[in-house]
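First comes the structure, then the notes that go with it.
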Amino acid sequence: MLQNSSGLYVPEPLFRPGDHPSFSDLPIPLAGTVERPPVDIHPDHIRDLAYALIRVMNDDHQAIGPWNPLLDSDFLIRGLRAMMLTRAYDARMLRVQRQGKSSFYMKCTGEEAVAVAAALALEKADMCFPTYRQQGLLIAREWPLEDMMNQVYSNSRDRLKGRQMPVFYSSREAGFFSISGNLGTQYSQAVGWAMAAAADQDRRIAAAWIGDGATAEGDFHYALTFASVYQAPVILNIVNNQWAISSFAGIAGGERTTFAARGLGFGIPSLRVDGNDFLAVFAATAWAAERARAGMGPTVIEHFTYRAEGHSTSDDPGKYRPMEEPNAWPLGDPIERLKAHLISRGAWSIAAHDALQKQLETEVRAAGKASESHGTLKEGERLPPSSMFDDVYKIMPPHLEAQRKQAGY
Amino acid sequence: MAHKNMIEAINSAMDVALHHDPAVIIFGQDVGYFGGVFRATDGLQRTHGAARVFDAPISEGGIVAVAVGMGAYGKRPVVEIQFADYIYPAADQLISEAARMRYRTAGEWWSPITVRSPYGGGIYGGQTHSQSPEGVFTHVAGLKTVIPSNPYDAKGLLIAAIEDDDPVLFFEPKRLYNGPFDGHHDRPVQSWAGHADSEVPDGHYTVPLGKAKIVRAGRAVTVLAYGTMVHVALAAAADTGIDAEIIDLRTLVPLDLESITQSVLKTGRCVIVHEATRTCGFGAELVALVQEHCFYDLEAPLERVTGWDTPYPHAFEWEYFPGPARVGEALKRVVEV
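Protein chains in written order, with our numbering: chain V, -2 to 406; chain X, 46 to 382.
As structure tokens, this is what we get:
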């Protein structure tokens, strides 16, 4: 709908606190209706995919259509487990933050498939450049929860030595690049990593994530430009969860076009995917990975999803959107949808699901106890404060040695 | 050993680095086929191939971001920002990312990148081809800042910077590219030919980062300078006949505090000279350090001769540029106390 505006037009979300959200006007294409082109297709021939929505699971929980990745049940249960573990981990980390054992936390509720399905579609040696909301990558790559918690607690076993706020994980071994508080910066760095891999004729590829809000950063533009110019083997994921803290996606420029469509202007094949459909995210990532690995260059993937909870433990979404909006979201919940799909295949049951849920909660609790035995932010063991002067440079320069001495260490 | 001007020395440093280490990769605006707007990368793409020396889009933030990513992969990127005046779009990547990578990952990742950038005035470059932004970056923990003043040091320092595993900003005084410049703009320009520091070895050598150099020994006053101002200070000493000890700092971070204090404890006087604007410039840090370490041996207040606290003007080049007359007056004031 085109509308004239007299004066400055400022986009507003559909619903504010007190409204009754209904997304019945939101066009949700049927599953299985989007074509799956060959990976070597010219980007000009699939421009419509940037405006479509790749969906595999239909309303009856069947996997249908050309994007169906035809994964076996054991593999899908692995994915389901990683998503459930991610959610259970988030739940505990929120609780310990409320108990004052850590300073901060960020959940990824509703977005578990975006990270977990992608991780399982990539090879383990591929390098991920995540934001702070892709903890599912680490969990899907079976990185120890206890190690993640040590970081959240900044305790004596924190591999980052208490220098980073909670959730800013880093693990070279897990192919999980260091998270920065500065939004978008890792997006363009991922392209550099991929360019370096290409220069070495390495078969590893890079994958990057950015939120809908941060696409407005300059680094988003840098990343797409360099990825396109040098045909870097990189997957450029945009996680459109509708919200950037309190700003709806319209404030990031999402009101008149899709985020996937941004890739078209750079000549990059661009897909738009149901981010709550594990199978669709897997299939799109696998398609993009195949392109990158074959030397066909970058792919943009917009994952259409919804941030089901607050931005962080410092945020109260009830101040800017209706509390029931997450329940009204038409694409549902990624865990519930994969669960239903597996049940419909006869490969899973409510009893098995509940048992797994209990088992994962026990696992998280055990990891939590083990981690807390190494200290939390305010209690127990911690690293010597003298370590805060280390690693600024490879070799400590004289002025830092002097300051360390002055501080009494 | 061959005579080289500063551009040739810098070009030679990159050529040596490319031969020495397959991880070295060079890119920037106009850096590849054309060889750079100042010719610093002339011939490198031809010798080493386009996969190692290439042109980049006009995107300073993107150039440095990509370098950081390549550094994380295991490359040793040497990138060019065409003028230091245009480094600001890359500030986020330099300050928030490159500088902190080693610290925030406790050594798991680091940024072994070198950012070369022509800097400084004295060329009628106006507001956006003359700036000296070193103070913006010396304030950032995790970055190293290097500024050479002659061809020999330029090559040795640049190789050392490229081989360094920390991110290094390498500011090249473009006024010195073709010859030493002492601020006497009314005299004919000189070339590096015949200058002792233009004898540059062809092969690999380094000048260590973090070490200053006494370019003129003296007893009356210590002058702390870097880049073009080293030559201005030498001219001021010659013009006034004051027996100044002139120290070329060469590296601002990490700073060679020992050479500075040794000299000031001997002379009891200190003048600091830089082209950058005064307020919160690197000179302020030098004043503070000398005061802290040499207070009881100081015979006079410390003086700073710097650019004025204005944007760099075009028509008033020589009224802005801290030339030998202004430096000479400061020397006189300090020794006459």
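The beta carbon of each residue, even a glycine, is placed where N, CA and C say it ideally should be. Note that the structure is predicted; figures quoted are calculated from it, not measured.
Along the beta strand (DSSP E) that carries residue i, what are the first and last residues, could you check?
i: V:G208; result: A203 to G208
i: V:S267; result: S267 to D271
i: V:I74; result: No beta strand (DSSP E) contains V:I74, which is instead part of the alpha helix (DSSP H) from S70 to R95.
i: X:V213; result: V213 to P218
i: X:G73; result: V69 to G73
i: V:I235; result: V231 to N237
i: X:S162; result: T159 to Y164
i: X:T190; result: K189 to V191
i: X:L297; result: T296 to V298
i: V:P331; result: V:P331 -> not in any beta strand (DSSP E); alpha helix (DSSP H) instead, spanning P331 to S341.
Quick one: is residue i near chain V, going by C-beta distance under 8 Å?
i: X:R91; result: no
i: X:K120; result: yes
i: X:R161; result: no
i: X:Q138; result: yes
i: X:I207; result: no
i: X:E153; result: yes
i: X:D210; result: yes
i: X:E142; result: yes
i: X:G272; result: no
i: X:G248; result: no
i: X:L302; result: yes
i: X:M59; result: no
i: X:A186; result: yes
When you compare the CB positions of residue i and residue j, do they come within less than 8 Å of one another, or not?
i: X:A278; j: X:A265; result: no
i: V:G178; j: V:P331; result: no
i: V:W272; j: V:V113; result: Residue 272 of chain V is actually Gly in this sequence, not Trp. No, they are not a contact pair.
i: V:L440; j: V:L73; result: The structure shown does not extend to residue 440 of chain V, since chain V is modelled only from -2 through 406, so no value can be given for it.
i: V:W190; j: X:Y118; result: yes
i: V:T310; j: V:G208; result: no
i: V:A286; j: V:P295; result: no
i: X:L254; j: X:A205; result: yes
i: X:V332; j: X:T267; result: no
i: X:G77; j: X:E125; result: no
i: X:G352; j: X:G180; result: no
i: V:P66; j: V:A291; result: no
i: V:A213; j: V:G264; result: no
i: V:A283; j: V:A118; result: yes
i: V:F223; j: V:N237; result: no
i: X:G167; j: X:F361; result: no
Verify the CB distance criterion: does residue i have a CB-CB separation below 8 Å to chain X?
i: V:L328; result: no
i: V:H371; result: no
i: V:L374; result: no
i: V:S185; result: yes
i: V:V278; result: no
i: V:D144; result: no
i: V:F174; result: yes
i: V:R290; result: no
Along chain X, which residues have their Cβ under 7 Å away from the Cβ of residue i?
i: V:K121; result: The contacting residues do not exist; V:K121 stays about 16 Å from chain X at best.
i: V:Y219; result: S104, G106, G107 and A110
i: V:R134; result: It is worth fixing the name first, because residue 134 of chain V is Leu in this sequence and not Arg. The contacting residues do not exist; V:L134 stays about 16 Å from chain X at best.
i: V:Q161; result: R149
i: V:A196; result: I70 and A96
List the residues of chain X that residue i touches, going by C-beta distances under 9 Å, in chain order.
i: V:F223; result: A101, P102, S104, G107, I108, A110 and V111
Under the assumption that residue i contacts residue j (Cβ atoms under 8 Å), give the Cβ distance between them as a whole number of angstroms.
i: X:A85; j: X:K200; result: Contact doesn't hold; Cβ gap of about 12 Å is too wide.
i: V:R138; j: V:A171; result: 5 Å
i: V:E306; j: V:A85; result: Contact doesn't hold; Cβ gap of about 14 Å is too wide.
i: V:Y48; j: V:R269; result: 7 Å
i: X:G94; j: X:G88; result: Not confirmed; about 12 Å, so no contact.
i: X:L221; j: X:S194; result: 7 Å
i: V:S175; j: X:W154; result: 6 Å
i: V:T182; j: X:A135; result: Not really, about 11 Å apart at Cβ, beyond 8 Å.
Can you pull the chain V residues whose beta carbon is under 8 Å from the beta carbon of residue i, in chain order?
i: X:P299; result: Y390, P394, P395 and H396
i: X:T306; result: Per Cβ cutoff of 8 Å: no residues; X:T306 is ~11 Å from chain V at best.
Cβ of residue i versus every heavy atom of the ligand PLP: is any distance shorter than 7 Å?
i: V:F20; result: This structure simply doesn't include the ligand PLP, nor any ligand for that matter.
Output the boundary residues of the alpha helix (DSSP H) element that contains residue i.
i: V:F279; result: F275 to R290
i: V:M192; result: T182 to A196
i: V:I347; result: I347 to E369
i: X:C339; result: F327 to C339
Residue i versus chain X: which residues are under 8 Å apart at the beta carbon?
i: V:M192; result: V111, G114 and M115
i: V:N179; result: D137, S141 and E142
Applying a beta-carbon distance threshold of less than 9 Å, which residues of chain V neighbour residue i?
i: X:A289; result: None at all; the shortest Cβ gap to chain V is about 25 Å.
Could you list which residues in chain B have their beta carbon closer than 8 Å to that of residue i, in chain order?
i: X:M46; result: The chain inventory of the structure shown lacks chain B, comprising the protein chains V and X.
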